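Notes to accompany the following structure.
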Amino acid sequence: MGIAQKESWGTRVGLILAMAGNAVGLGNFLRFPVQAVNNGGGAFIIPYLVCFLLMGIPLLWIEWSMGRFGGKRGNHSTPYILDTMHRSNFWKYFGVFGIFTNIGVAAYYCYIESWTMSYVFHSVAGTFRGLTQGEVADFFVKYVDIGSSTTGIPFEAVVFYILCLALNTFILSRGLKGVERAAKVGMPLLILFGVFLAVRGLTLGTSGASAEVPGASAWDGLNFLWTPQFSSLSDPRVWFAAAGQIFFTLSVGMGTIHCYAAYVRSKDDIALNAVSAGFMNEFVEVVLGSSIVIPIAAGYLGLDWVKENAGFGMAFQTMPFLFEKWGPLLATFAGVMWFGLLFFAGITSSLAMGTPWMGFMRDEFGWSRNKGALSFGLFVLVLGLPTVLFFQQGVFDEYDYWAGTVSLVVFAMAEVILFSWIFGMDKGWREINDGADLRVPRIYRFIIRYITPVMLILVFLGSLLTPEGNNWSAAFASLFSGEGWPLDNGSIVRQIANTGLHERIAQATEAADIKALKDRLFYTNLARTLLTLSFLFIAVLVYLSGVRRLKAQSKPA
Amino acid sequence: MNGTALTLMVVVQATVLCITGYFFYRVLTTPPKAEPDSFSENDEQQR
Chain A
0 MGIAQKESWG
10 TRVGLILAMA
20 GNAVGLGNFL
30 RFPVQAVNNG
40 GGAFIIPYLV
50 CFLLMGIPLL
60 WIEWSMGRFG
70 GKRGNHSTPY
80 ILDTMHRSNF
90 WKYFGVFGIF
100 TNIGVAAYYC
110 YIESWTMSYV
120 FHSVAGTFRG
130 LTQGEVADFF
140 VKYVDIGSST
150 TGIPFEAVVF
160 YILCLALNTF
170 ILSRGLKGVE
180 RAAKVGMPLL
190 ILFGVFLAVR
200 GLTLGTSGAS
210 AEVPGASAWD
220 GLNFLWTPQF
230 SSLSDPRVWF
240 AAAGQIFFTL
250 SVGMGTIHCY
260 AAYVRSKDDI
270 ALNAVSAGFM
280 NEFVEVVLGS
290 SIVIPIAAGY
300 LGLDWVKENA
310 GFGMAFQTMP
320 FLFEKWGPLL
330 ATFAGVMWFG
340 LLFFAGITSS
350 LAMGTPWMGF
360 MRDEFGWSRN
370 KGALSFGLFV
380 LVLGLPTVLF
390 FQQGVFDEYD
400 YWAGTVSLVV
410 FAMAEVILFS
420 WIFGMDKGWR
430 EINDGADLRV
440 PRIYRFIIRY
450 ITPVMLILVF
460 LGSLLTPEGN
470 NWSAAFASLF
480 SGEGWPLDNG
490 SIVRQIANTG
500 LHERIAQATE
510 AADIKALKDR
520 LFYTNLARTL
530 LTLSFLFIAV
540 LVYLSGVRRL
550 KAQSKPA
Chain B
0 MNGTALTLMV
10 VVQATVLCIT
20 GYFFYRVLTT
30 PPKAEPDSFS
40 ENDEQQR
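What follows is the structure in structure tokens.
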């Protein structure tokens, strides 16, 4: 454990920027506006802010204080942080989620990050010049089809993926100082690029209207995003979406915040640091994230197009085409800024995903930074290559669902219960307030004890038993009329059984369609097997570390 | 933009911006704790 103690943050601002960088990800620019569009536009922001105050902020305080509490006892990863809070094998092995999730998410997240690297290159090279909207969209499809190449480099997507992973590994091998330096460069640049594009989005107005879309207006996009529809406040679907967005945007339930905070001493503040990092993330999401994609897309393609096509793919399949309308020079700058900001958002998050594994291997097996970083890179490469090679067969989506969605919800729900009800609110409240440079409002003692756990349990149940078509009123009506709870194929219960895929196979009539769907089922199960094996591998390491600790304790002094 | 949307946008964005700025200002102006603290870059200055 001696080696791990040598790691420390350089400055307080560096720690906050690294924490904010961990939270700020591609979702701030892509997921948030799309969620808003899909959940009634202006109806979304009110539940979103309520969830931020009742679930997001409490979770940040909980994770920061759990991390610092574990760090005091020389633990920098969740298996032993959780074990320190309540000594039991259950919590120690439950803590495996806090390492597994990071590796599982990094495996596919680095692939998206590598797209942004590649698109910066293509923006500079002028690849998108003169292409139609369809051709720009096809370019992305061609890029992820690893059999073809857009640059002449064979297996281009794989090459960029490995480059991206190598860069992450190199920075991680510099330890916390490397992560801090990356955040100190990346975050200000991200904000600078974001402000430029947001100003463009907010001032575009109707100047993007064309003969094909004469009514296009950026104002329509902003109106749709910001006009409050109070009637939607009674729709559980909107609340679930808002809670889910808060959850993912803050990168809670992953184990990264615990790891970063484990290097903070007990007399130093966490309360002010946590809200500073949290609000910086909100600034990027609510101020910048809402002012770029939707208004720019609505400004050129019209609001109807946005409503029909809003999705993650817009970043790569639509934005380069829209930038080209600004002329060659500005299009190049805008492309570099847009994909550059996505790259910085991505890398500051993926670096955070490496630290729990490195902290664990250093604490328990005495591994050096280089060994820890290299082993992380190799682990992610082995787990991530199938997402690159079989992207179109659904491996990527499967990782995103199980590692990037379900694991987070399960872990966050359990850690809140551990903190508030098992560790105990008296001790928990003391931990949050120890060395605090901010007076935490006393109401949060009640919120953390009752409101946040209940909200997380509801989010979990909502994911486990999502009703058909996400229609909660119809589901309750069906339940009370004795017809049972109609489950959606997107619910965890149905996902486990692959119900949706089996239904599609049963309905398909063409032999080629049936084969494609059966292939997808095979790759879906392959992805799940790989994730399960990864989880078990980490659990075995935790077991071995326990044996080492017992041996060390039984050695005569 | 319609008035309601513009009002909500300005109020929400300005509030988030002010709170972010306020917390960051607090971080920058709060004196560091006595050494040894969690941060290594001020170690020499404090001793």
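Keeping their order, the protein sequence lines are chains A and B. At position 211 of the first sequence (counting the first as 1) the number is 210 in numbering that gives the first Met the number 0, and the numbers step up by one without a gap. At position 4 of the second sequence (counting the first as 1) the number is 3 in numbering that gives the first Met the number 0, and the numbers step up by one without a gap. Heads up, the beta-carbon is just placed ideally off N, CA and C, and yes, glycines get one too. Since we're looking at a predicted model, the values are computed, not measured.
Judged by DSSP in its simplified three-state form, P466 (chain A) adopts strand.
Listed in chain order, the non-local C-beta contacts of L516 (chain A) below 8 Å within the same chain comprise L500, R503, I504 and A507, local neighbours out to five positions each way being set aside.
Taking a 10 Å sphere around the C-beta of G403 (chain A), we find 16 or more other C-beta atoms and assign the residue as buried.
Look at L486 (chain A) here: in three-state DSSP terms it is strand. Between I295 (chain A) and L203 (chain A), the C-beta spacing is below 8 Å. With its beta carbon less than 8 Å from one in chain B, Y262 (chain A) belongs to the interface. As summarised for the stretch 43-77 of chain A, there are no continuous beta strand (DSSP E) elements at least 3 residues long confined to that stretch. By the neighbour-count criterion, in which 16 or more other beta carbons inside 10 Å mark a residue as buried, S87 (chain A) falls on the exposed side. Note: F31 (chain A) is not bridge-paired with any residue in the DSSP secondary-structure output. Here W356 (chain A) carries a helix assignment [DSSP, helix/strand/coil]. Taking the Cα positions, N27 (chain A) is about 11 Å away from I291 (chain A). A distance below 6 Å between beta-carbons, with the five flanking residues on each side excluded, links G24 (chain A) to the following residues of its chain, in chain order: A344 and S348. For the stretch 2-17 of chain A, the beta-carbon criterion of a distance under 9 Å to any beta-carbon of chain B is satisfied by S7, W8, G9, T10, R11, V12, G13, L14 and I15.
Every unbroken stretch of the alpha helix (DSSP H) spanning 4 or more residues and falling wholly within the stretch 137-185 of chain A is given here in chain order: 155-172. Under the 8 Å Cβ criterion, the stretch 334-343 of chain A does not count as touching the stretch 136-152 of chain A, having fewer than three qualifying pairs.
The stretch 96-106 of chain A and the stretch 400-414 of chain A touch, with no fewer than 3 CB-CB distances between them shorter than 8 Å. Using a C-beta cut-off of 8 Å, the stretch 51-66 of chain A makes contact with the stretch 264-279 of chain A, since at least three inter-stretch Cβ pairs fall below that distance.
8 Å or more divides the Cβ of T317 (chain A) from the Cβ of G125 (chain A). Within the same chain, and ignoring the five residues on either side of V237 (chain A) in sequence, the residues whose Cβ sits closer than 7 Å to its Cβ are N38, G39, A42, F43, P46 and S231. In this structure T354 (chain A) is buried. Its beta-carbon is surrounded by 16 or more other beta-carbon atoms within 10 angstroms. Residue-level contact by beta carbon fails for P187 (chain A) and chain B, as no gap is shorter than 8 Å.
The bridge partners DSSP lists for F38 (chain B) are A:W8.
For G383 (chain A), the closest C-alpha among the options A:R368, A:N369 and A:D399 is that of A:D399.
Rounded to the nearest whole angstrom, the C-alpha separation of N21 (chain A) and P555 (chain A) is 42 Å. Just so you know, the alpha carbons of A242 (chain A) and I152 (chain A) end up roughly 42 Å apart. Of A:D268, A:T150, A:C109 and A:G434, the smallest CA-CA separation from F127 (chain A) is found for A:T150. Shown here, H121 (chain A) sits in a helix according to DSSP, grouped into three states.
Collapsing the DSSP output to three states places Q228 (chain A) in coil. Among the CB atoms of chain A, none fall inside 8 Å of the CB of E34 (chain B). V405 (chain A) is positioned such that its CB atom lies no closer than 8 Å to that of S490 (chain A). Each residue's CA atom was taken as its position, placing N308 (chain A) and M8 (chain B) some 23 Å apart.
Shown here for T248 (chain A): same chain residues with a beta carbon closer than 7 Å to its own, the five before and five after excluded, namely A22, G26, N27, F31, N280 and E284 in chain order. Between L388 (chain A) and V415 (chain A), the C-beta spacing is not below 8 Å. Not a single C-beta of chain B is nearer than 8 Å to the C-beta of M65 (chain A). Annotated three-state conformation of R128 (chain A) is coil, per DSSP. The beta carbons of V26 (chain B) and I56 (chain A) sit no closer together than 8 Å.
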